[in-house]
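Participant:
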Amino acid sequence: MSAPATQALSEGSLGIALLHIERGDLSAAQPLLAKATADGVSTGANASLFHGAPAVEFVLGRAGGTDCRLQAAVDKVTTSRLHAARQRRQSARLPSLSEFDLIRGLTGLGALLLARPSPPQLIEDVLAYLVSLTDPVAGGVPGWWSMDSPGHQQIIGGHGNNGVAHGIAGPLALLALAARRGIHVEGQTDAIQVITRWLDRYGACYWITRSQLPARPPLHPLRMRPSWCYGTLGIARAQQLAAIALHDPSRAHVAANSAEAALADTARLGLITDASLCHGWAGLLTVTKAIAADSPDPHRFTRRVSALRARLTAGITELPKPGFLEGRAGAQLALDGTNATNWTRSLLID
1 MSAPATQALS EGSLGIALLH IERGDLSAAQ PLLAKATADG VSTGANASLF HGAPAVEFVL
61 GRAGGTDCRL QAAVDKVTTS RLHAARQRRQ SARLPSLSEF DLIRGLTGLG ALLLARPSPP
121 QLIEDVLAYL VSLTDPVAGG VPGWWSMDSP GHQQIIGGHG NNGVAHGIAG PLALLALAAR
181 RGIHVEGQTD AIQVITRWLD RYGACYWITR SQLPARPPLH PLRMRPSWCY GTLGIARAQQ
241 LAAIALHDPS RAHVAANSAE AALADTARLG LITDASLCHG WAGLLTVTKA IAADSPDPHR
301 FTRRVSALRA RLTAGITELP KPGFLEGRAG AQLALDGTNA TNWTRSLLID
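Residue numbers (this note's numbering): 1 to 350.
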């Protein structure tokens, strides 16, 4: 069964319910949640942090709600995905992006498990799987290399995706956040180091193809928007979280400098065309505030935060969608700025 649109956190009514919960207005959220779950919850192939049972659990959790049956269903989905990933690996096939990414895959499910008041032992299995992605495979590419096409054209030889939403920066953030909360598995620190070194070399690009692998660092950066989902800001936050997990203040300083440089680059900021969380001003504001909060000198970002807030305020009403990732609910969550419910955990920002 495919999940109804009401069970889509990315675009459906769950995102609007999340905004009401963040504002403490449970009476406004309850009808949306009831509608979303009236016909049960989806645990099928499309179940993920942003769709179906996991999405419903995340939103309910922001209201302090716990449903043991719902959590059991999510655990079953996660266990099934881990089993499929092991089988895929045993057959020496490369993963699809949807196997491991934040939006559709095991990174997102791991983020949900980590967001529970008491993360279950299953989170360790997810972390161990993410660690395994850093093992090189045949052809000398990393284990997260995928034959999926991230754009509209097929990429011969596959690619290494770098973004938070669909690439390896998402697993890096989850591994680092878990370590920050005292959850460790064998090889986790090494995996964090492997991914950070990869992003040091290739993180200036949305993704890397086989033809780019021999390039000497630093790879020439392309002029692309510095968004949360794929761009410099999202990767800089993942790198900062990694530095904190590694107890490496020098690396954390480099990550903060990268973020500030991107925010000072008017050419790249000019590529931001809307106010959304995913790739617009709301995402930049939310990530920048998180980077500042973990910086030894948070005031260095004060002027940037004010400018981003002004851009978001000016553009929020122009968003045509009502939902979370690309719509007004997500943008308003960023503008309200309290994060009382820790809703930003869905973005692996903190």
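Yeah, the Cβ is synthetic: ideal placement off N, Cα and C, and Gly gets one too.
Name the residue from W144, A63, H83 and R181 whose alpha carbon lies nearest to the alpha carbon of P119.
Facilitator: For P119, the nearest C-alpha among the options comes from R181.
Participant: Rounded to whole angstroms, what's the CA-CA distance from S98 to A236? Just pull it up for me.
Facilitator: C-alpha separation (whole angstroms): 23 Å.
Participant: Report the three-state DSSP secondary structure of N161 (helix, strand or coil).
Facilitator: Of the three classes helix, strand and coil, the one that applies to N161 here is strand, per DSSP.
Participant: Let me make sure I understand the geometry here. Which of A238, A179 and R303 has the alpha-carbon closest to that of G203?
Facilitator: Among A238, A179 and R303, the Cα nearest to that of G203 belongs to A238.
Participant: Alpha helix (DSSP H) containing I235: first to last residue?
Facilitator: Residues T232 to A245.
Participant: Tell me the DSSP secondary structure of W207 in three-state form.
Facilitator: Here W207 sits in strand by DSSP.
Participant: My understanding is that I103 touches A176, with C-beta atoms under 8 Å, so please give their C-beta distance in whole angstroms.
Facilitator: In fact, because the Cβ distance is near 19 Å, the residues do not count as touching under 8 Å.
Participant: For a minimum of 4 consecutive residues, which ranges assigned as the alpha helix (DSSP H) are wholly contained in the region 38 to 91?
Facilitator: Whole alpha helix (DSSP H) segments, 4+ residues: 53 to 62 and 68 to 90.
Participant: Cα-Cα, which of A267, W343 and P117 is closest to A290?
Facilitator: Ranking A267, W343 and P117 by Cα distance to A290 puts W343 first.
Participant: Look at the alpha carbon of G105 and the alpha carbon of T78, and state the distance between them as a whole number of angstroms.
Facilitator: Between G105 and T78, the C-alpha separation is close to 9 Å.
Participant: Would you kindly work out how many angstroms separate the C-alpha atoms of Q90 and V137, rounded to a whole number?
Facilitator: If I take the Cα positions, the gap works out to 12 Å.
Participant: Roughly how many angstroms separate the alpha carbons of V141 and I349, rounded to a whole number?
Facilitator: C-alpha separation (whole angstroms): 27 Å.
Participant: Skipping 5 residues on each side, what residues in its chain have a beta carbon closer than 8 Å to that of L82?
Facilitator: Excluding sequence neighbours, L82 sits near L106, D125, V126 and Y129.
Participant: Taking A255 and Q240 to be in contact with their CB atoms under 8 Å, please state how far apart those CB atoms are, rounded to whole angstroms.
Facilitator: So it is a contact: roughly 4 Å between Cβ atoms.
Participant: DSSP state of A340, grouped into three classes?
Facilitator: A340: coil per DSSP, three-state reduction.
Participant: Grab me the residues of V164's own chain with a C-beta within less than 8 Å of its C-beta, minus the 5 sequence neighbours each way, in chain order.
Facilitator: Closer than 8 Å at the Cβ level, and outside the excluded window around V164, lie L102, G170, A173, W228, C229, Y230, G234, I235, R237, A238, L347 and L348.
Participant: Counting beta carbon pairs with one atom in the region 318 to 338 and one in the region 257 to 273, are three or more of them shorter than 8 Å?
Facilitator: No: fewer than three Cβ pairs fall under 8 Å.
Participant: Expressed to the nearest angstrom, what Euclidean distance is found between the alpha-carbon atoms of A34 and G40?
Facilitator: Looking at the two C-alpha atoms, the distance is approximately 10 Å.
Participant: With a 10 Å radius around its C-beta and 16 neighbouring C-beta atoms as the bar for buried, classify D25 as buried or exposed.
Facilitator: So D25 counts as exposed.
Participant: Per DSSP, S146 forms a beta bridge with which residues?
Facilitator: In the DSSP output, where bridge partners are listed per residue, S146 has H159.
Participant: Of all the options A38, A55, I21 and P95, which has the alpha carbon lying nearest to the alpha carbon of G12?
Facilitator: Ranking the options by Cα distance to G12, first place goes to A55.
Participant: Just curious, the alpha helix (DSSP H) that P249 is in, first and last residue?
Facilitator: Its alpha helix (DSSP H) spans residues P249 to A264.
Participant: Mapping DSSP to helix, strand and coil, what is A111?
Facilitator: It is helical.
Participant: Note down, one range per segment and in chain order, each alpha helix (DSSP H) of at least 4 residues found wholly within the region 289 to 337.
Facilitator: Complete alpha helix (DSSP H) runs here, min 4: 302 to 315 and 328 to 336.
Participant: Since I208 and G160 should fall inside the 8 Å C-beta cutoff, what is the C-beta to C-beta distance between them, to a whole number of angstroms?
Facilitator: 4 Å between Cβ atoms; contact.
Participant: By how many angstroms is the C-alpha of L18 removed from the C-alpha of L246?
Facilitator: Distance between the alpha carbons of L246 and L18 is about 33 Å.
Participant: When the Cα atoms are used, what is the spatial distance from G157 to M147?
Facilitator: Their backbone Cα atoms lie some 7 Å apart in a straight line.
Participant: By the DSSP assignment, the alpha helix (DSSP H) with R180 in it spans what residues?
Facilitator: Taken as a continuous stretch (DSSP letters only), the alpha helix (DSSP H) holding R180 covers A169 to R180.
Participant: Pull up the DSSP beta-bridge partners for V141, would you.
Facilitator: V137.
Participant: Indicate the three-state DSSP secondary structure (helix, strand or coil) for A353 in the structure shown.
Facilitator: No information on residue 353 is available, as it lies outside the stretch 1 to 350 that the chain covers here.
Participant: Could you check where the alpha helix (DSSP H) with T273 kicks off and where it finishes?
Facilitator: Taken as a continuous stretch (DSSP letters only), T273 belongs to no alpha helix (DSSP H), as it is neither H nor E.
Participant: So Q7 packs on H51, CB below 8 Å; how close in whole Å?
Facilitator: So it is a contact: roughly 6 Å between Cβ atoms.
Participant: When the distance is taken between beta carbons, is R311 closer than 8 Å to W281?
Facilitator: In this structure, R311 lies closer than 8 Å to W281 by Cβ.
Participant: What are the boundary residues of the alpha helix (DSSP H) that K198 is part of?
Facilitator: At residue 198 the sequence reads Trp, which differs from the Lys that was named. Counting along the chain, the alpha helix (DSSP H) containing W198 begins and ends at Q188 to Y202.
Participant: Alpha carbons only, please: which of E186, R23 and L335 is nearest the one belonging to V131?
Facilitator: Here the closest residue by C-alpha is E186.
Participant: Per DSSP, what kind of secondary structure is D25 in: helix, strand or coil?
Facilitator: In this structure, D25 counts as coil in the three-state DSSP scheme.
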